[in-house]
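Okay, structure first, notes after.
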Amino acid sequence: MLARVTSKLNIKVFLFVLKHKKTRFCLTLPKARAINETHSIQPCKCKCNTTTSLHLTHFNIQIPHHHQNDTQIPLTMPQNDDIRFISSSIKIPLPSSKPKPTSPFKTLHSHFTNATNSFSHLIHSFTTHSTQLTRSVLQKSHSLCSTSLSLNAANRSPPLSLSSAEETQLKTRQNEERVLISEVLVRNKDGEELERKDLEAEAAQALKACRPNSALTVREVQDDVHRIINSGYFCSCVPVAVDTRDGIRLVFQVEPNQEFQGLVCEGANVIPAKFLENSFRNGYGKVINLRRLDEAISSINDWYMERGLFAMVSAVEILSGGILRLQVSEAEVNNISIRFLDRKTGETTVGKTKPETILRQITTKKGQVYSMHQGKRDVETVLTMGIMEDVSIIPQPADTGKVDLVMNVVERPSGGFSAGGGISSGITSGPLRGLIGSFAYSHRNVFGRNQKLNVSLERGQVDLIVRANYTDPWIQGDDKRTSGTIMVQNSRTPGTIVHGNLDGNSSLTIGRITGGVELSRPIRPKWSGTAGLIFQRAGVCDNNGVPIIRDRYNSPLTASGNTHDDTLLGKIETVYTGSGEHGSSMFVLNMEQGLPLLPDWLSFTRVNARARKGVEIGPTRLNLSLSGGHVVGNFSPYEAFAIGGTNSVRGYEEGGVGSGRSYVVGSGEISFPMMKPVECVIFSDYGTDLGSGSTVPGDPAGARNKPGSGYGYGLGIRVDSPLGPLRLEYAFNDKKEKRFHFGVGYRN
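Take 187 as the starting number for the sequence shown in our numbering and just add one per residue.
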């Protein structure tokens, strides 16, 4: 709840400097102690033996209080024609109404693009509110006074009734009249010297116009009163003009602030207590300076703003004993609701997605202080579900200073057919080398729970892949965001990467039937982990579909000696992703373990890792990548690591460098932006099997005279397309052979 501060402060004060014919006398107006208290003018203490009666009309003091009523104090005295009094007032505005949390609340469009404009008024109020609070402390504590001085001729006639314009001109002329000041002093409110000389020096240093032996106007005196108050050390300043034998003495009667002895902070549930202590630590035992207090309040508000929190210091009060009381208002989330909007009309409609499916994705919860940064992350999280076209958050005011959040969502069509194409790495020759086409059906929001069903078919010269998988991105009842995937696949892919071509037009084809379950969950920010259990039956056939167990070199094609190998794999994988964009940091570590539950099932351990790092160098980008792996145990020859090709060492055909139990491949690329969407790339690759080619069953690399290591370099262009980046590259290898490479998507 934001506290209401007092209304405008309007105080009128009169000070008098009088001259009566040829007789000089002094006038003292005692401070009023009660309403309707009568004051009389006493003979002057300087023994001038002169008594003067005064008549003052329309003398009002407006005192603000809780009901903002005005209390008038009439004073009536006999009229004197030779004396005229002119009043001056100061009005300092304070926040007149309770700040409403609705002022910064605007629609938060997709990706929070317009959030900055929506909350600019709130941010502006944060930067100005602390100054208003310190002013309110000053006004609630004491009266800030100013004076108007007027010296009149002795025989001036009584004032006549003047029009408004004439009165304005008269006041302006009188304010511009100058009075010679012989002495300027700073005293306490009782007219005595200040106990602390440093405060007296601060007040004297603040004076600009008021100097001894200077002629001053009323406005110049008022300006110096403001300067003393603005120094921050004083809660009141009253200028008093005293006519002495040596001339007019101008005395600034000031009242210093209290010494800071303690801090009471209410409503601050999020900000650390240590931060509050450090903000006021240097002020303990010192006179409260309102300017430094304003800086401390601004630092607290800045702490909230930097974290996007809807909170601010709403009230400041100096209590007796030098205790400073801060009231902090933090807008807590009262309720979160989902509103579905029609894609065409924008009107409210009935959504297909269950609200709890969306709500469990966001991290903002009831009772938390609402954060714009956290809201932005929640919008991005909901968009990554893949079922929303647009997402926005609208904060709305709730009771008792809280806020209700309404999330507007526009759903995408949940299912449909798609077609596409790509390049297979297994075909190295032929008129349609490596070209494949795909056709798929997908449903993104099965049962309204964001569960996904995908069925796809890929077909090429040799490639044939039929795949079906069902994914629940968040298993119900799990609080760790665990996702589950069930996968079934039947594939037929070329085996030429490892085993090369047989004589004639015949080639090897590797057939795999795979099924398994995988569970994934986020481990920490930017890190995720996956565990799975996969069964695979794989075998080798010729181009007629006849199973074979040996190649033309009489090398075995299976590890078990049968027409097929059965493997039950336990899989563990961890992934780190930076910003998610190409060129950002990435690291993947994968380990697979063959579980020989039956005698003929294969048993091996395979570890594979790859890393990538991008560095901006002016307009260019340097991308470095490194990958490597190793296999221990009994594994099939076609499962060996193949080195060379479009996604490995360019300048060689697919698998042209070698195949082994171990491998390391490094690559460096420098990309230059050209006319969008085209960029130029210079690259260099190196790969080696670390001498492990001969340890693969049948030594397929040695039988085909593969070098086991090699490098390539060249240049290319990339074009952004709906299918992903299209890569056309021209490379040379260490054997001076030249080769074109064409690919879709970024390198692995």
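Each residue gets a CB set at the ideal place from its N, CA and C atoms; glycine is no exception.
Check: Compare the beta carbon distance of GLY877 and GLY888 with 8 Å and say whether it is the shorter of the two.; Outcome: no
Check: Checking 8 Å against the spacing of the C-beta atoms, do GLY725 and HIS750 come in under that value?; Outcome: yes
Check: Just to confirm the assignment, what range does the beta strand (DSSP E) spanning ALA828 have?; Outcome: 827-829
Check: With a threshold of 7 Å on Cβ separation, who are the neighbours of PHE790 within its own chain once the five nearest residues in sequence on each side are excluded?; Outcome: GLY780, VAL817, VAL818, GLY819, ASN820 and PHE821
Check: What is the rounded straight-line gap between the Cα of VAL835 and the Cα of ARG653?; Outcome: 29 Å
Check: Grab the span of the beta strand (DSSP E) containing GLN408 for me, first residue to last.; Outcome: Run containing GLN408: none in the beta strand (DSSP E); it sits in the alpha helix (DSSP H), 404-416.
Check: Applying the criterion that 16 or more other CB atoms from any shown protein chain within 10 Å of the CB defines a buried residue, is TRP713 buried or exposed?; Outcome: exposed
Check: Which of the three DSSP states is assigned to PRO442 in this structure?; Outcome: strand
Check: Helix, strand or coil for PHE271 per DSSP?; Outcome: Here the model assigns PHE271 a pLDDT of 31, short of 50, so the residue's position is not dependable, and the following value carries that caveat. Coil, per DSSP.
Check: Determine the direct distance from the alpha carbon of ILE672 to that of ILE651, and round the result to whole angstroms.; Outcome: 17 Å
Check: In the DSSP assignment, the beta strand (DSSP E) including PRO680 goes from what residue to what residue?; Outcome: 669-680
Check: With three or more beta-carbon pairs closer than 8 Å as the criterion, would you say the stretch 630-641 touches the stretch 537-545?; Outcome: yes
Check: How would you write the range of the alpha helix (DSSP H) that LEU476 sits in, first residue to last?; Outcome: 476-492
Check: Quick one, which of ASN640, LYS757, LEU621 and GLN662 has its alpha-carbon nearest GLN647's?; Outcome: LEU621
Check: Starting from ILE696, trace the beta strand (DSSP E) both ways and give me its first and last residue.; Outcome: 695-710
Check: Could you have a look at GLY841 and say whether DSSP puts it in helix, strand or coil?; Outcome: coil
Check: Using 10 angstroms around the beta-carbon of TYR470, count the other beta-carbons present and answer buried if the total reaches 16, otherwise exposed.; Outcome: exposed
Check: Over what stretch of residues does the alpha helix (DSSP H) that includes LYS383 continue unbroken?; Outcome: 383-392
Check: Starting from LYS460, trace the alpha helix (DSSP H) both ways and give me its first and last residue.; Outcome: 459-466
Check: Tell whether a beta-carbon distance below 8 Å holds between GLN554 and GLU518.; Outcome: yes
Check: Indicate the three-state DSSP secondary structure (helix, strand or coil) for GLU518 in the structure shown.; Outcome: strand
Check: Among ASN729, THR700 and ARG710, whose alpha-carbon lies nearest the alpha-carbon of GLY718?; Outcome: THR700
Check: Would you mind working out which of LYS383, ASN729, CYS866 and SER400 sits nearest GLY902, comparing C-alpha positions?; Outcome: CYS866
Check: Skipping 5 residues on each side, what residues in its chain have a beta carbon closer than 8 Å to that of GLY409?; Outcome: With the sequence shown as reference, residue 409 is identified as Asp, and Gly is not the correct amino acid for it. So the list reads LYS394 and ALA395, once near-sequence residues are dropped.
Check: Please check the pair VAL843 and GLY830, which I expect to be a contact at CB under 8 Å, by giving their CB distance rounded to whole angstroms.; Outcome: 4 Å
Check: Using the Cα positions of THR567 and GLY602, report the straight-line distance between them to the nearest angstrom.; Outcome: 23 Å
Check: Contact check, VAL595 vs MET574 under 8 Å by CB: the rounded distance?; Outcome: 5 Å
Check: Measure the alpha-carbon distance for GLY929 versus ALA626 and round it to whole angstroms.; Outcome: 21 Å
Check: Going by Cα to Cα distance, which pick from SER557, ARG435, VAL407 and GLN662 is closest to ILE544?; Outcome: GLN662
Check: Roughly how many whole angstroms lie between the Cα atoms of GLY800 and ASN891?; Outcome: 36 Å
Check: Around the C-beta of ALA454, are 16 or more other C-beta atoms found within 10 angstroms, so that it is buried, or is it exposed?; Outcome: buried
Check: Where does PRO541 fall in DSSP's three states?; Outcome: helix
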